[in-house]
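Sequence lines, in order, name chains P and R.
So for the first sequence, UniProt numbering puts the first residue at 1; every next one is plus one.
So for the second sequence, UniProt numbering puts the first residue at 1; every next one is plus one.
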Amino acid sequence: MHSLTIAANILKRTIGQPKGFLMLVLLPALVLSGIVLLFGTSVESPRVIALWNADEGPLGAALVSSLEEMGGYQLQNNLGSNAGELRSAVTDSRADAAVYIPPDYTASLLDGKLPEVKLYRLSEQLWNAALEQRLSSEAGQAAKYARLSALHSEEGPKRAAMLKQLLAETNNRPAALSITPLNEDGSTGSRNVLITGVILMFLMMAINGAIQVVMEDREQRTMSRMFAAPIRSYSIAAGNFIGSLLVGTIQLLLMLIVTEWIFQYDYGVDFLPHFIVLECFLLAAVGIATAVAGLVSNVNQLSQIQNLIVTPSCLLGGCFVPIGMMPPYIQKLANFMPQKWALEAIGKLAFGNALRDVLLPLGILLLFAAVLLAFGSVVLQPSKKTV
Amino acid sequence: MQAWITMAWYELIQILRLRSVVIIMLILPLFLIFLLGTVFDNQMKPVQVAMHIADRGPLSKEIEAFLQDERTAGLMIVKFASSREEVLNQLREGSVDYGFIVPEDFSEKFLAGGEAVWTAYPGRLDNENLMAEETAGSFLKELETRRAIMLAGAGEGLEQRTESEEIVARISTEFAGEGKAVFGSVSAIQYYAGAYLVMFLLYSGMPAALSLLQEKEKGTLARLYAAPQPFWIIVLGKLTGTGIFAVLQAGIIIVFSWQIFGVSWGNHLGLLVLACLLTSMCAIGLSLVIASIVGTSKATQSIFSTVTVLMTFLTGGMIADLNQNVLNIGKFTINHWAVMTIKRIMEESETTVIWQGIGILAMITAVLLILAFARLKKVVSLHA
């Protein structure tokens with residue numbers, strides 16, 4: 001009960017005042033909503049591939065139509081009509097990659113030569129390695145079909161007829177992949193990773209603001225008076241935690257409501273499970289903030305240090321860069337970051353898992369919270385050193 | 001003159017006394033540069049795939065051979081699963097990026113000349129999905145090609161001749177722009193070294209405003225006014241102290257990253273120092289402007305550091321491969337121009353091009369300092 005009084009007081013002192021409400025609730029919620037919408041609407045813009053087919057035969061055309069079938073790219077054939085122009089389209093970043101099919105591609109294949117389709121890219125990455133894979137398997141098929149046609153006949157028209165027959169054959173009875181999304185709506189939830197990462201970062205920064213009120217109490221020695229009152233010290237600690245958590249929860253709820261209900265942004269996760277995971281993360285974030293606050297002897301530098309801790313821990317936890325891309329020893333380090341577990345839980349939820357499938361990451365988040373809060377509550381007592 | 005130096009000296013001492021802050025300000029940028037630089041210099045990682053081959057027909061051996069092929073392994077690492085459920089579980093859990101099921105009747109249907117499919121379950125990551133689909137697709141294409149050749153060439157004995165000749169069609173790939181991708185013309189570690197040098201230079205401009213506000217909050221500002229020196233010399237001294245710390249910090253980051261991580265900072269040391277100084281002055285100006293608006297040291301701290309993180313984020317300091325819309329917004333930040341100038345120095349552009357960058361940075365600095373000067377009264381007045 002006493003804890004609730006303390007918590008209510010914290011609420012009153014932070015977001016209970018117009019200025020505090022503006023700075024701690026409205027502004028972060030709006031900024032965060034802005035970022036979410038900015039990312040959510042633009043992150044899926046497809047990669048641009050500059051394409052030029054200088055070949056007039058069927059094999060060049062077959063290659064082009066095969067590229068058109070691939071998802072995730074946007075083919076453009078107005079960015080250059082020779083190898084040099086295509087290359088500069090890539091270096092000037094007008095295109096993400098470029099494909100050039102040389103003139104007489106079909107004819108020289110039929111003559112038994114091996115003309116090369118050119119791929120220009122900036123560096124080897126998964127998305128363009130996939131493109132390379134597609135090009136080389138198409139080129140392999142083209143070369144074999146051309147060889148067979150060349151063996152079939154010496155005459156041009158007969159060769160062409162044979163090629164046509166082979167290509168038609170392939171199209172009619174394909175050996176293919178039947179792609180079956182795990183989610184009914186076909187979404188894979190990939191865009192969530194970045195947005196969730198940004199949300200986690202801002203939640204941590206927002207919590208830092210709330211915990212400063214507690215620090216103020218310690219600094220101004222109001223906390224000593226609270227400890228002199230006839231209540232248990234754990235009630236005081238609990239009151240402070242509940243208060244900070246409430247401030248964060250209100251921010252979180254407002255942000256979710258603004259983005260989901262007003263701007264109709266689809267996170268790919270249901271509201272309630274999403275909120276539960278973020279709330280668990282919030283608990284861990286309060287834990288981190290109190291633990292850090294407890295360690296810092298000079299209160300003036302607190303927010304600076306807090307922000308300096310938010311950035312690297314988000315980075316290690318995979319908010320900005322998928323953890324899979326990191327070196328193995330860093331991946332192990334990532335396990336000690338609550339962000340990793342929150343991201344994992346939300347990723348799984350977006351991928352069609354139910355809340356009970358993410359109990360492990362949630363449990364780990366709560367464990368983080370428990371350990372850090374215990375640590376923080378020991379340290380966050382009226383200290384003799386603080387002046 | 002002496003008062004100015006004394007003020008700067010004591011300001012510097014005060015900053016250096018906060019040991020935990022100093023350590024963080026020096027070690028954290030180096031850690032971030034190292035971490036991001038090594039993460040992104042790594043090679044492309046193969047896709048993890050779970051696969052269940054229910055097919056026991058003649059093609060199953062070939063599938064396995066394909067999967068164990070060295071070329072395939074560089075693109076796709078396969079974990080074999082014993083059932084469809086197992087594939088789906090691994091996929092849901094996230095231990096693999098993609099799932100394939102080769103149905104029982106695959107060989108049969110295919111060899112009978114009909115349409116034959118693998119069931120494919122995409123995972124969470126778009127690029128990984130694409131890669132897995134293309135790698136499996138290339139194998140299926142090979143099968144398909146062979147079947148078409150068999151059917152068309154049968155009777156003439158052409159299929160054996162075609163198959164017996166080793167036709168390896170290659171496509172040529174070229175790395176335009178020397179393989180440096182999202183980081184433009186510099187390497188990953190250079191990119192992040194520039195981004196975090198600027199971010200931490202901005203951070204270290206904050207004490208300028210804080211120390212003035214704290215004098216006011218502690219009531220010692222009146223004493224400074226009482227000193228037999230023009231007040232502006234005292235303020236200038238405080239700002240100089242902050243500037244000296246920023247220069248020290250920049251020097252340590254640059255020398256350490258150059259010697260230990262091998263980051264190349266280009267040949268124009270003088271211009272680099274100038275760019276750092278201008279960035280630091282920008283930060284001092286910005287901190288004073290913020291301080292004059294919000295009025296307390298706590299609010300200044302939290303707003304200034306949030307702004308710094310936000311600006312770094314918007315200019316791609318945390319996620320390099322940001323969307324162009326976001327990066328366009330980033331052009332309105334100090335970080336954008338500072339990082340761009342430092343990048344130009346690193347890649348040893350023409351001196352005139354570097355000076356352009358420095359010119360813009362200097363203009364931003366001038367605007368911020370003029371604003372700060374105009375609003376300084378708000379920060380240091382005794383009765384605000």
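Positions of the beta carbon are idealized from the N, C-alpha and C atoms, including for glycine.
Quick caveat: nothing in here was measured; it's all calculated off a predicted structure.
*If we count the other Cβ atoms within 10 Å of its Cβ and call it buried at 16 or more, is residue 180 of chain P buried or exposed?*
On the first sequence, residue 180 of chain P is found 180 positions in, with the first residue counted as 1. Under a 10 Å Cβ-count criterion, residue 180 of chain P is classified as exposed, with fewer than 16 other Cβ atoms of the shown protein chains found around its own Cβ.
*Spatially closest choice to residue 255 of chain R from R:312, R:349 and R:193, by CA coordinates*: The sequence position of residue 255 of chain R within the second sequence is 255, counting from 1. Each of R:312, R:349 and R:193 was checked against the Cα of residue 255 of chain R, and the nearest Cα belongs to R:193.
*Of all the residues that make up the segment 138 to 157 of chain P, which are near chain R by a beta-carbon distance shorter than 8 Å?*
Residues 138, 139, 140, 141, 142, 143, 144, 145, 147, 148, 151 and 152.
*Throw me the rounded Cβ distance for the residue 325 of chain P and residue 39 of chain R pair, which I believe falls under 8 Å.*
On the first sequence, position 325 is the one that residue 325 of chain P refers to. On the second sequence, position 39 is the one that residue 39 of chain R refers to. In this structure residue 325 of chain P touches residue 39 of chain R by the C-beta definition: roughly 6 Å separates them, less than 8 Å.
*asked:* Classify residue 339 of chain R: buried if its beta carbon has 16 or more other beta carbons within 10 angstroms, exposed otherwise.
replied: Translated into positions along the second sequence, residue 339 of chain R becomes position 339. Per the 10 Å Cβ criterion, buried.
*For residue 325 of chain P, which residues in chain R fall below 9 Å Cβ to Cβ?*
Start at 1 with the first residue of the first sequence, and residue 325 of chain P comes out as number 325. Under a criterion of Cβ atoms nearer than 9 Å, the residues of chain R adjacent to residue 325 of chain P are, in order, 39, 40, 42 and 45.
_Please report whether the beta-carbon of residue 148 of chain R lies at a distance below 8 Å from any beta-carbon of chain P._
Mapped onto the second sequence, residue 148 of chain R falls at position 148. Any Cβ of chain P closer than 8 Å to the Cβ of residue 148 of chain R would place that residue at the interface, and such an atom is present.
*For the beta strand (DSSP E) that contains residue 52 of chain P, what are its first and last residues?*
Translated into the one-based positions of the first sequence, residue 52 of chain P becomes position 52. Looking at the DSSP string, the run of the beta strand (DSSP E) that includes residue 52 of chain P is 47 to 53.
*asked:* For residue 357 of chain P and residue 271 of chain R, I'd like the C-alpha separation in whole angstroms.
replied: Here residue 357 of chain P refers to the residue found at position 357 of the first sequence. Here residue 271 of chain R refers to the residue found at position 271 of the second sequence. Taking the Cα positions, residue 357 of chain P is about 56 Å away from residue 271 of chain R.
_How far does the beta strand (DSSP E) with residue 122 of chain R in it extend, from its first residue to its last?_
Indexing the second sequence from 1 puts residue 122 of chain R at position 122. In the DSSP annotation of this structure, the continuous segment of the beta strand (DSSP E) that includes residue 122 of chain R starts and ends at 116 to 122.
*Please list the partners that residue 197 of chain R has in chain P, where partner means a Cβ-to-Cβ separation under 9 Å.*
Here residue 197 of chain R refers to the residue found at position 197 of the second sequence. Ordered by position in chain P, no residue passes the 9 Å Cβ test against residue 197 of chain R, which lies about 15 Å from the chain.
*If the cut is a Cβ gap below 7 Å, which residues of chain R does residue 180 of chain P touch?*
Taking the first sequence and counting its residues from 1, one reaches residue 180 of chain P at position 180. Those within 7 Å of residue 180 of chain P in chain R are 119, 120 and 121.
*From residue 195 of chain P to residue 36 of chain P, what distance separates their C-alpha atoms?*
Counting from 1 along the first sequence, the entry for residue 195 of chain P is found at position 195. Counting from 1 along the first sequence, the entry for residue 36 of chain P is found at position 36. Roughly 6 Å between the two C-alpha positions.
*Beta-carbon separation of residue 207 of chain R and residue 173 of chain R under 8 Å?*
What you label residue 207 of chain R is simply residue 207 of the second sequence in a count that begins at 1. What you label residue 173 of chain R is simply residue 173 of the second sequence in a count that begins at 1. Going by C-beta atoms, residue 207 of chain R is not nearer than 8 Å to residue 173 of chain R.
*Distance CB(residue 349 of chain P)-CB(residue 290 of chain P) smaller than 8 Å*: Reading the first sequence from its first residue, position 349 is the one you call residue 349 of chain P. Reading the first sequence from its first residue, position 290 is the one you call residue 290 of chain P. Not in contact: residue 349 of chain P and residue 290 of chain P (Cβ atoms no closer than 8 Å).
*Given that a residue counts as buried once 16 or more other Cβ atoms are within 10 Å of its Cβ, and exposed if not, what is residue 299 of chain R?*
The sequence position of residue 299 of chain R within the second sequence is 299, counting from 1. Buried, since its Cβ has 16 or more Cβ neighbours within 10 Å.
_Of the residues P:368, P:283 and P:364, the one placed nearest residue 208 of chain P, counting alpha carbons only_ = Translated into the one-based positions of the first sequence, residue 208 of chain P becomes position 208. It is P:283.
_Terminal residues of the beta strand (DSSP E) in which residue 52 of chain R lies_ = For the purposes of this step, residue 52 of chain R is taken as residue 52 along the second sequence, with counting starting at 1. In this chain, the beta strand (DSSP E) harbouring residue 52 of chain R covers 47 to 53.
*Taking the beta strand (DSSP E) that residue 73 of chain P falls in, what are its first and last residues?*
Along the first sequence, one-based indexing puts residue 73 of chain P at 73. For residue 73 of chain P, the enclosing beta strand (DSSP E) stretches over residues 73 to 76.
*Along the segment 116 to 141 of chain P, what residues have a CB closer than 7 Å to any CB found in chain R?*
Going along the segment 116 to 141 of chain P in chain order, one finds 116, 117, 118, 119, 120, 121, 122, 123, 124, 125, 126, 127, 129, 130, 132, 133, 134, 135, 136, 137, 139, 140 and 141 with a Cβ nearer than 7 Å to chain R.
_Reduced DSSP category for residue 99 of chain R - H, G, I as helix; E, B as strand; rest coil_ = Locating residue 99 of chain R in the second sequence gives position 99, counting from the first residue. In this structure, residue 99 of chain R counts as strand in the three-state DSSP scheme.
_Listed by chain order, chain P residues near residue 127 of chain R by CB distance under 7 Å_ = If you number the second sequence from 1, residue 127 of chain R lands on position 127. Within chain P, the C-beta atoms nearer than 7 Å to that of residue 127 of chain R come from 126 and 127, in chain order.
*Got a sec: which bits of the segment 315 to 344 of chain R sit with their beta carbon under 7 Å from any beta carbon on chain P, in order along the chain?*
So the list reads 318, 319, 323, 325 and 326, given in the order they occur along the chain.
_C-beta neighbour in chain P for residue 179 of chain R, strict 8 Å_ = On the second sequence, residue 179 of chain R is found 179 positions in, with the first residue counted as 1. For residue 179 of chain R, the predicted model reports a pLDDT of 46, less than 50, meaning its position is unreliable; a value from the coordinates is still stated below. It does: the Cβ of residue 179 of chain R has a partner Cβ on chain P nearer than 8 Å.
*Take the Cβ of residue 337 of chain R as the centre, count every other Cβ of all protein chains shown within 10 Å, and call the residue buried at 16 or more, exposed below.*
Taking the second sequence and counting its residues from 1, the one referred to as residue 337 of chain R is at position 337. Buried, by the Cβ-count rule.
_Per-residue contacts from residue 136 of chain R into chain P (C-beta, under 7 Å)_ = Translated into the one-based positions of the second sequence, residue 136 of chain R becomes position 136. In chain order: 177.
*Using three-state DSSP, classify residue 308 of chain R as helix, strand or coil.*
Here residue 308 of chain R refers to the residue found at position 308 when the second sequence is read from its first residue. DSSP places residue 308 of chain R in the helix class (H, G or I) of the three-state scheme.
*Just by C-beta distance, which residues in the segment 282 to 306 of chain R are closer than 7 Å to chain P?*
Using a CB distance below 7 Å, the part of the segment 282 to 306 of chain R facing chain P consists of 297, 298, 301, 302, 305 and 306, ordered along the chain.
_Pairwise C-alpha distance: residue 310 of chain R and residue 331 of chain R_ = One-based indexing of the second sequence puts residue 331 of chain R at position 331. One-based indexing of the second sequence puts residue 310 of chain R at position 310. Residue 331 of chain R and residue 310 of chain R have their C-alpha atoms roughly 13 Å apart.
*Taking residue 234 of chain P as part of the alpha helix (DSSP H), name the residues at either end of that continuous run.*
For the purposes of this step, residue 234 of chain P is taken as the residue at position 234 of the first sequence. Unbroken alpha helix (DSSP H) run through residue 234 of chain P: 233 to 257.
*Starting from the C-beta of residue 129 of chain R, find all residues in its chain whose C-beta is less than 8 Å away, skip the five residues before and the five after it, and write them out in chain order.*
Position 129 of the second sequence, counted from the start, is the residue given in the question as residue 129 of chain R. Answer for residue 129 of chain R: 97, 98, 122 and 123, listed in chain order.
*Under 8 Å between the Cβ atoms of residue 281 of chain P and residue 365 of chain P?*
Along the first sequence, read from residue 1 onward, the residue named residue 281 of chain P stands at position 281. Along the first sequence, read from residue 1 onward, the residue named residue 365 of chain P stands at position 365. Going by C-beta atoms, residue 281 of chain P is nearer than 8 Å to residue 365 of chain P.
*Along chain R, which residues have their Cβ under 7 Å away from the Cβ of residue 166 of chain P?*
On the first sequence, residue 166 of chain P is found 166 positions in, with the first residue counted as 1. Within chain R, 148 and 152 have C-beta atoms less than 7 Å from the C-beta of residue 166 of chain P, given in sequence order.
*asked:* Please report whether the beta-carbon of residue 332 of chain P lies at a distance below 8 Å from any beta-carbon of chain R.
replied: Looking up residue 332 of chain P in the first sequence gives position 332. Not an interface residue.
*Indicate whether at least one CB of chain P lies closer than 8 Å to the CB of residue 204 of chain R.*
The residue labelled residue 204 of chain R in the question sits at position 204 within the second sequence. No, no contact with chain P.
*Provide the residue(s) that pair with residue 80 of chain R in DSSP beta bridges, ordered along the chain.*
Here residue 80 of chain R is taken as the residue at index 80 of the second sequence, counted from 1. In the DSSP assignment, residue 80 of chain R forms a beta bridge with R:51.
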